[in-house]
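A short worksheet on the structure shown next.
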Amino acid sequence: MGTYRIHRISQDTTSGFPSHTGPGTELLLAQLYACEEQLHAWLDRSEENAAFFTADPVAAMRAANIGMDEEALQELASVLAGIQRKLV
Numbered sequence: 348m349g350t351y352r353i354h355r356i357s358q359d360t361t362s363g364f365p366s367h368t369g370p371g372t373e374l375l376l377a378q379l380y381a382c383e384e385q386l387h388a389w390l391d392r393s394e395e396n397a398a399f400f401t402a403d404p405v406a407a408m409r410a411a412n413i414g415m416d417e418e419a420l421q422e423l424a425s426v427l428a429g430i431q432r433k434l435v
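Heads up: the sequence shown runs through residues 348 to 435, numbered per our numbering.
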């Protein structure tokens, strides 16, 4: 599986993501960017960490204790739930 960098996603205007962002989106992107290297290091520590993240990204990020606050994690959970609804 490839490695994705959050700063590339957040700056990509041709990715097909809608340009409208909710009130928590800027906070979420800022925290994801700030914690990105710590998250990658945690994911690289074990296959179990990577599998946990694949199964439940928000719970895995809580367990990784990478410095994201609960408000940002809740916003991430909301975004992921919205994506999941659209894919079903």
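Beta carbons: idealized from backbone N, C-alpha and C, even for Gly.
Spatially closest choice to residue i from the options, by CA coordinates
i      : options                        : result
Ala406 : Arg392, Glu394, Ser393, Leu423 : Leu423
Asp403 : Leu434, Ala428, Thr372         : Ala428
Ala411 : Leu375, Glu373, Leu374, Cys382 : Cys382
Glu373 : Leu434, Val426, Trp389, Val435 : Val426
Leu379 : Ala419, Ser393, Leu390         : Ala419
Unbroken alpha helix (DSSP H) run spanning residue i, endpoints
i      : result
Asn396 : 394-402
Ile430 : 417-434
For residue j and residue i, believed in contact at Cβ under 8 Å, the rounded distance
i      : j      : result
Ile430 : Leu386 : That pair is no contact at about 18 Å.
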